[in-house]
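Presented below is the structure to which this report refers.
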């Protein structure tokens, strides 16, 4: 059963069946990762679909599309949201931050750096959401307790079970941001291939992280 | 020179023989001592970590091709029904809709070993594929799917394992529901005699739930069919398996099919082979001449993309008064849904203990549910729960410490073959684990003592107080005074994980002096890419920053096996080491020309320098050598050698659990888990540790909360999303501890590595169940231990909300309830 007609452009532009009082498309004007975006979106499009399909920002993941898993977590005006539960149309005039907005060039955000150091992921699919959840926490509370860190990612599932490391990474990131902040972490990143010295720095970061984890929650041995 | 040899190969508890091509191993020498190793055995952050943390990693879900079409599968709302009619006119009339595929117009492609068709006129489970709608975007495809008019004639169904075993049950297949024709039988010694010899016989019927994988990335594929060539982007654990099967189904030469997967959001066994939606996307892509993307939604994932089969296990164990086992007899049934095989549920019974008389039978049983698939250590998780639980009941009956009972039955050689183990760190794991966990003290202190348990939350899920971060021994405060039943339990683990051939890799020295490892293996999220980079860097004496690993593309590198069965590192690791050694050999040859020295007098030293032995100033850096070679590329080739025939190769481990049971709410709080595993040499303690922790967490989920719930009235799956199907959240995770025995396996392969992926999930549920038995005196016969089930158990056995036993339990099973309390102190 192959359809005989040619697709007539964007199907969302077809006449509304539900009556003229509903707009099928909505004009929005928002910023995503600091960049302004202005245009029409289908009224029913979720922020998640808008980010992934319209803007090509596929770092934000779709895990359930029903607000249960947290893989799609982004910030809207600094507020952590499940972007699968938010309509793009409701983001008019708002400021959206996604995982793609976190790093600056090669310089990783301290949260990203902490994830890398502590291997706070396995498959990495939930990672962007976890990182955004932690960002929402640290933006508000730069010195969270372990319990606060746990609560911050309690809405983000990780099927691989990287949880202890995710919590440790949140605390490690707070530590990194507490000192010289972002710049210090970026300096430690050093993917300039400095040979032995670079490796040494990396390993130090790892063992620090493990102590943190081990001391704090009796993590890996 | 390549040789063709016949070799024994173990995969997920089953052994088969096959022909494989092997080559001489240029990496014949064992690795140097651990202290001399720069990368292997040391923690290393992921070499692809930046991609993962920045969102740049491209998963199958993220693949977007020009002209791509979106396909949505329409699924049956009934567990069993005949499709009377499908009217697609309204769907096809929707602008943007390109095609509707149903059983009426789908090419007759056979699917699965029962000879079914891709789309059938009869659907046999809630979620079975009825039709596929293709449209220019996903919204349109979904709208069109909703416009399909489908008339069903509901048919009798059976969704429950034990109901399906009844003689008058509705039949799923003409061969009957209980597939004795596909049963796996095993026997050694004389079980009946062994039971007669026994001073004590314990028996029990055990039930385990269907567990749903719920990989964060659902199954998905993009199939791009152009002319006679097909490219498949697939979230899969087995690139070559998908290639082979797809080519077979569509009558294509395998070399016309290319399968790509760079990053994958979890699989856990559910992505071991070609999935039906991929084949359907293939049909559509061929018809439409456009790439077709078909990604399952979460509901479809839980209905149709595989599950760990539920089991019914009847187990008997006989033992002498001193604890020596005389017989193990297991009859296991597995609800495989409409298709699938029973996993090796009897694996632990056959392999774990030195017992002369063992009989196991594993029988697949059809139900009107989605096809079962492998799920991390299939069979062994279920079988270990039954075996290790009943062993604790035996220990209680005999007045023995559970650990002591296990030591008295320690298998010094593989009981199934009589072969020696290549290495076995189980005794060490017991010792290390027991000491670190404080087994003896906790065992004495636990049992029936009512205590105000520390660390207890208020019973609310997600309460920060009971979170993954909690430190054992710190009361959460609010309800610290409530009585709790505390207990500790342990369980053992055995599994394969030897890996084996065929597995191939290349190591290429690039003109810029960097090295590329090329193999078409897959990193399913475990850190394969990093581990292979470490191995290559070690062998090549190169800074790891100069090593790049290319994988995930059947056209991009030589054959690599499935990413399952805990076999990636022990298969691919040795192949990469061989390839690197072959590259080193060639590099020394070439450097000999440049340095005017006999290659045998040359050595490669860190950081990538060839020099004359004893005269380090006579040398050349690899970068310079590579430049001198012009654009000639050194290509080292490596293959995984066969496993030695004279040894049994296994992974081992022991886990210990400490729990508190709230007799008022039925909540089980796991206070801590301790794991010690023998996975041979640990290449990367950082990523291996992640495997252990993740396995324990999934095991905890299996023990306490995960269960596919089926409605016996409608035959529908009630827990088909992440709201109703509970996977562990961060707040469910107790402090986790782990250690490795970390002894290289001396004979298995050129690295001494064994697999790590599956072992850690195997004993967790059994350890928790045994802790429950210790805490309450009630043996656990069914998982998961949800609050409802715990409350039922407690009350049935006369334990009230205050934790005290008010009367003799009615349902004391005669095998330990009531007198098993405090095990070892009857």
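Residue numbers (the numbering used here), protein chains in the order written: chain E, 1 to 221; chain Y, 1001 to 1826.
No residue lacks a Cβ here, since even glycine has one placed at the ideal position from N, Cα and C.
Predicted model only: the values in this text are computed from it and were never measured.
Where residue 1617/Y is concerned, the enclosing beta strand (DSSP E) starts and stops at 1615 to 1621. In terms of Cβ geometry, residue 1426/Y and residue 1652/Y form a close pair [threshold 9 Å]. Using beta-carbon distances, residue 112/E counts as an interface residue toward chain Y, with a partner under 9 Å. A Cβ-Cβ distance of about 32 Å is found for the pair residue 1749/Y and residue 1616/Y, leaving them out of contact under the 8 Å criterion. Here residue 140/E is exposed, its C-beta having fewer than 16 other C-beta atoms within 10 Å. Taking 7 Å as the cut-off between beta carbons, the residues of the stretch 1676 to 1705 of chain Y near chain E are 1686, 1687, 1689, 1690, 1693, 1694, 1697, 1698, in sequence order.
For residue 54/E, no beta strand (DSSP E) encloses it, and the DSSP letter there is neither H nor E. By the criterion of a C-beta distance shorter than 6 Å, residue 1343/Y is surrounded in its chain by 1378, 1379, once the five residues flanking it on both sides are discounted. Per DSSP, the beta-bridge partners of residue 1206/Y are 1313/Y. For the beta strand (DSSP E) assignment, the uninterrupted runs of no fewer than 3 residues enclosed by the stretch 1527 to 1554 of chain Y are, from N- to C-terminal side, 1547 to 1550.
Annotation for residue 1121/Y: 1083, 1103 place their beta carbon closer than 6 Å to its own, counting only its chain and skipping 5 residues before and after.
Residue 1691/Y sits in a helix when the DSSP states are folded into three classes. Taking the Cα positions, residue 1806/Y is about 58 Å away from residue 1234/Y. DSSP places residue 1789/Y in no beta strand (DSSP E) but in the uninterrupted alpha helix (DSSP H) bounded by 1787 to 1796. When secondary structure is reduced to three states using DSSP, residue 1698/Y falls in the helix class.
The C-alpha of residue 1058/Y lies about 6 Å from the C-alpha of residue 1263/Y. Under the criterion of beta carbons closer than 8 Å, residue 1782/Y and residue 1359/Y do not qualify as touching, at roughly 23 Å. In the DSSP assignment, residue 131/E falls within the alpha helix (DSSP H) that extends over 127 to 140.
When C-beta atoms of the stretch 1264 to 1282 of chain Y are compared with those of the stretch 1108 to 1118 of chain Y, three or more pairs fall below 8 Å, so the two segments count as touching. For residue 1494/Y, the closest C-alpha among the options 1196/Y, 1763/Y, 1060/Y is that of 1763/Y.
Put simply, the CB of residue 1004/Y is far from chain E, with every gap to its CB atoms at 9 Å or more. Residues of chain Y with a Cβ closer than 7 Å to the Cβ of residue 122/E are, in chain order, 1525, 1526, 1690, 1694. The criterion of a C-beta distance shorter than 9 Å is satisfied by residue 1610/Y and residue 1591/Y. The Cβ-Cβ distance between residue 1620/Y and residue 1594/Y falls below 9 Å. Taken in chain order, the members of the stretch 87 to 102 of chain E whose beta-carbon sits within less than 8 Å of a beta-carbon on chain Y are 98, 99, 100, 102. Between the beta-carbon of residue 1145/Y and that of residue 1053/Y there is about 36 Å, and that puts the pair past the 8 Å contact cut. Here DSSP, grouped into helix, strand and coil, assigns residue 93/E to coil.
Contacts with chain E at 9 Å (Cβ-Cβ) do not include residue 1001/Y. Of all residues in the stretch 1599 to 1626 of chain Y, only 1606, 1607 come within less than 9 Å of chain E when Cβ atoms are compared, listed by chain position.
In terms of beta-carbon proximity, residue 53/E lines the interface with chain Y, with at least one pair separated by less than 9 Å. Distance from the Cα of residue 143/E is smallest, within the candidate group 82/E, 126/E, 156/E, 171/E, for 171/E. Among the residues facing chain E, residue 1728/Y is included, as its CB has a counterpart in that chain under 9 Å away.
The alpha-carbon of residue 1622/Y is positioned some 13 Å away from that of residue 1632/Y. Per DSSP, reduced to three states, the secondary structure at residue 1413/Y is strand. A straight-line Cα-Cα distance of about 13 Å links residue 1200/Y and residue 1392/Y. Taking a C-beta distance under 9 Å as the contact criterion, residue 1725/Y and residue 1302/Y qualify as a contact pair.
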